[in-house]
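Visitor:
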Amino acid sequence: VVATGLVVALFPAGVRGKLIALNSAMYPAANILVGLLGGLLGDGQWHILMWIGALPLPLAFVLVAVIPRDRDYRAYDDAEDTSGEVSGSWREMLSKRWRWLTVGCVMLSGLDFNAYQLFQGFVTLYLKNDQHMSAQAMGSIVALISTGSLVGSFFWAWLSDRWGRRLPLVGYFVCAAAVLAFLHIDAGVTGFTVAGVIFGFGLTCTTCWGPWFAEIFPPRLRPHGAALFHAGHIIALGAPIFAAWASEGLGLTTAMSLAAVVYVLAAGLWYCLPETLGKPTAR
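Heads up, the sequence shown is in this note's numbering, so the first residue is 20 and it goes up one at a time.
1. Where does residue 183 fall in DSSP's three states?
2. Do you know whose CA, among 77, 36, 273 and 30, lies nearest residue 178's CA?
3. Given residue 224, which residues of its chain have a CB within under 6 Å of its CB, disregarding the five upstream and five downstream residues?
4. On a CA-only basis, which of 52, 39 and 158 is nearest residue 144? Give me that one, please.
5. Buried or exposed for residue 50, please, with buried defined as at least 16 other CB atoms from any protein chain shown within 10 angstroms of its CB.
6. Which residue marks the beginning of the alpha helix (DSSP H) containing residue 131, and which one marks its end?
7. If you scan the segment 166–237 from start to end, which runs of the beta strand (DSSP E) of 3 or more residues do you find wholly inside it?
8. Leaving aside the five residues before and after residue 113 along the sequence, list all residues of the same chain whose C-beta is less than 7 Å from its C-beta, in chain order.
9. Compute the distance between the beta-carbons of residue 258 and residue 132, then report whether it is under 8 Å.
10. Have a look at residue 185 and residue 146 and give me their C-alpha separation to the nearest angstrom.
11. Use the C-beta contact count for residue 205: other C-beta atoms within 10 angstroms, 16 or more gives buried, fewer gives exposed.
12. Taking residue 45 as part of the alpha helix (DSSP H), name the residues at either end of that continuous run.
13. Indicate whether residue 156 and residue 57 have their beta-carbon atoms separated by less than 8 Å.
14. Nearest-angstrom Cα distance between residue 239 and residue 294?
15. Is there contact between the segment 59–66 and the segment 76–85, where contact requires at least three CB pairs shorter than 8 Å?
16. May I have the straight-line CA-CA distance separating residue 162 from residue 33, to the nearest angstrom?
17. Kindly indicate which residue of 127, 192 and 280 has the alpha-carbon position closest to the one of residue 247.
18. Would you report the Cα separation of residue 234 and residue 26, rounded to the nearest angstrom?
19. Excluding the 5 residues flanking residue 96 on each side, which residues of the same chain have their C-beta closer than 7 Å to its C-beta?
20. Would you decide whether residue 231 is buried or exposed? Buried here means 16 or more other CB atoms lie within 10 Å of its CB.
21. Only counting the same chain, and skipping five residues up and downstream in sequence, which positions put a Cβ closer than 6 Å to that of residue 226?
22. I need the straight-line Cα distance from residue 274 to residue 106, nearest angstrom please.
23. Measure from the alpha carbon of residue 137 to the alpha carbon of each residue in 228, 281 and 287, then state which is nearest.
24. Which value, in whole angstroms, describes the spacing of the CA atoms of residue 142 and residue 125?
25. Quick check on DSSP: helix, strand or coil for residue 295?
26. Have a look at 180, 254, 250 and 219 and flag the residue whose alpha-carbon is nearest the alpha-carbon of residue 297.
27. What is the residue span of the alpha helix (DSSP H) that residue 78 lies within?
28. State the CB to CB distance for the pair residue 149 and residue 269, rounded to an integer number of angstroms; the pair is presumed to be in contact (CB under 8 Å).
29. For residue 199, which residues in the same chain have their Cβ closer than 7 Å to its Cβ, ignoring the five residues on either side in sequence?
30. Roughly how many angstroms lie between the CA atoms of residue 29 and residue 194, to the nearest whole one?
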């Protein structure tokens, strides 16, 4: 979201969501791989997945060296920034003019991370301890959840490029319904799989955040706007602790069900933030 959000202005507004989708699809694709490998390796070889996860790190240094620098390009379809400032600052991001948008984006991202941690962070634990599933069955469900995300990445990207950056918030209601179905409708492995695929599909409604967080702000502040996605981690720092406490005090199923509440709250906040597709660039 951040990496592609920094360069969305180099592309027409109508394809920016699809640009993010190509990037976002890599995450569920990796989860599919990890889920399938986890099922094949079994409980005793989980540490091999950690070594596989380290491989992309050295490759990232190579990519930094070969990717063209965007400073050599003019932002696509953007008028010159007439503010008189060459670059923005975090002081300006927190000024009266931009404070609500800055805080709103951070809060939205933070709610997303919290909801994800409450549900997705405990899926394998729930399936293993409460449903007594094998490693193969768990790996298959995790892989299929990510398959839903893979498909969803491109669907929500198309929707946001066609109808706007706010409409994908319906994906959060899809997530909330899927969470409750996953935890409270006893339909066996098939039921878990279907609910998981639907959850994964809804989860990637945030694909549009890459262009959206950047488009909300004028060109001089777009790098800061793109960074707000990860600023949400500040709000989510206590999510693992809260999730662990909730699972101990309320039970794992109830704690995971709280994710549905958080997704609905996040959808409300998302609706309160402005639409940017087809709107004049903010100043």
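Cβ coordinates follow ideal geometry from the N, Cα and C atoms, glycine included.
Guide: Judging by the given coordinates:
1. Numbered from 1 along the sequence shown, position 164 holds the residue referred to as residue 183. Residue 183: coil per DSSP, three-state reduction.
2. Looking up residue 178 in the sequence shown gives position 159. Residue 36 is the option with its Cα nearest to residue 178.
3. By one-based count along the sequence shown, residue 224 stands at place 205. Around residue 224: 175, 187 and 190.
4. Here residue 144 refers to the residue found at position 125 when the sequence shown is read from its first residue. Scanning 52, 39 and 158 for the CA closest to the CA of residue 144 turns up 158.
5. For this step, residue 50 is matched to residue 31 along the sequence shown. The residue in question, residue 50, is buried, as its Cβ has 16 or more Cβ neighbours within 10 Å.
6. Translated into positions along the sequence shown, residue 131 becomes position 112. Residue 131 -> alpha helix (DSSP H) spans 118–138.
7. Qualifying beta strand (DSSP E) stretches: none in this window.
8. As a first step, residue 113 must be located in the sequence shown, where it is residue number 94. Excluding sequence neighbours, residue 113 sits near 121.
9. Here the question's residue 258 lines up with position 239 in the sequence shown. Here the question's residue 132 lines up with position 113 in the sequence shown. With respect to residue 132, residue 258 sits close: the two C-beta atoms are nearer than 8 Å.
10. Taking the first residue of the sequence shown as position 1, residue 185 is located at position 166. Taking the first residue of the sequence shown as position 1, residue 146 is located at position 127. Rounded to the nearest angstrom, the two C-alpha atoms are 34 Å apart.
11. As a first step, residue 205 is located in the sequence shown; it is residue number 186 there, counting from the start. With fewer than 16 other Cβ atoms inside 10 Å of its own Cβ, residue 205 counts as exposed.
12. Residue 45 sits at position 26 when you count from the first residue of the sequence shown. Counting along the chain, the alpha helix (DSSP H) containing residue 45 begins and ends at 45–60.
13. Counting from one through the sequence shown, the residue named residue 156 turns up at place 137. Counting from one through the sequence shown, the residue named residue 57 turns up at place 38. In this structure, residue 156 lies away from residue 57, with their beta-carbon atoms at least 8 Å apart.
14. The residue given as residue 239 occupies position 220 in the sequence shown. The residue given as residue 294 occupies position 275 in the sequence shown. C-alpha separation (whole angstroms): 19 Å.
15. In the pairwise beta carbon analysis, the segment 59–66 is classified as not touching the segment 76–85: fewer than three pairs are separated by under 8 Å.
16. Here the question's residue 162 lines up with position 143 in the sequence shown. Here the question's residue 33 lines up with position 14 in the sequence shown. In a straight line, the C-alpha of residue 162 is about 31 Å away from that of residue 33.
17. Taking the sequence shown and counting its residues from 1, one reaches residue 247 at position 228. When only C-alpha atoms are compared, the closest one is 127.
18. By 1-based counting over the sequence shown, the position of residue 234 is 215. By 1-based counting over the sequence shown, the position of residue 26 is 7. Distance between the alpha carbons of residue 234 and residue 26: 11 Å.
19. In the sequence shown, counting from the first residue as 1, residue 96 sits at position 77. Because the pLDDT of residue 96 is 49, which lies under 50, any placement of that residue in the model is unreliable, and the question is left without a value.
20. Against the sequence shown, residue 231 aligns to sequence position 212. Per the 10 Å Cβ criterion, buried.
21. Counting from 1 along the sequence shown, the entry for residue 226 is found at position 207. Cβ within range, chain order: 39, 40, 43, 172, 175 and 176.
22. By 1-based counting over the sequence shown, the position of residue 274 is 255. By 1-based counting over the sequence shown, the position of residue 106 is 87. About 44 Å.
23. As a working note, residue 137 is residue 118 in the sequence shown. Of 228, 281 and 287, the smallest CA-CA separation from residue 137 is found for 281.
24. As a working note, residue 142 is residue 123 in the sequence shown. As a working note, residue 125 is residue 106 in the sequence shown. Rounded to the nearest angstrom, the gap between the Cα atoms of residue 142 and residue 125 is 26 Å.
25. The count along the sequence shown starts at 1 and reaches residue 295 at position 276. In the structure shown, residue 295 adopts coil according to DSSP, grouped into three states.
26. Position 278 of the sequence shown, counted from the first residue, corresponds to residue 297. Answer by Cα proximity: 180.
27. As a first step, residue 78 is located in the sequence shown; it is residue number 59 there, counting from the start. Bounds of the alpha helix (DSSP H) holding residue 78 are 75–85.
28. Counting from one through the sequence shown, the residue named residue 149 turns up at place 130. Counting from one through the sequence shown, the residue named residue 269 turns up at place 250. Between residue 269 and residue 149 the Cβ distance is about 14 Å, and since that is not below 8 Å, they are no contact.
29. Indexing the sequence shown from 1 puts residue 199 at position 180. The residues are 276 and 279.
30. Start at 1 with the first residue of the sequence shown, and residue 29 comes out as number 10. Start at 1 with the first residue of the sequence shown, and residue 194 comes out as number 175. Approximately 32 Å, taken between the alpha carbons.
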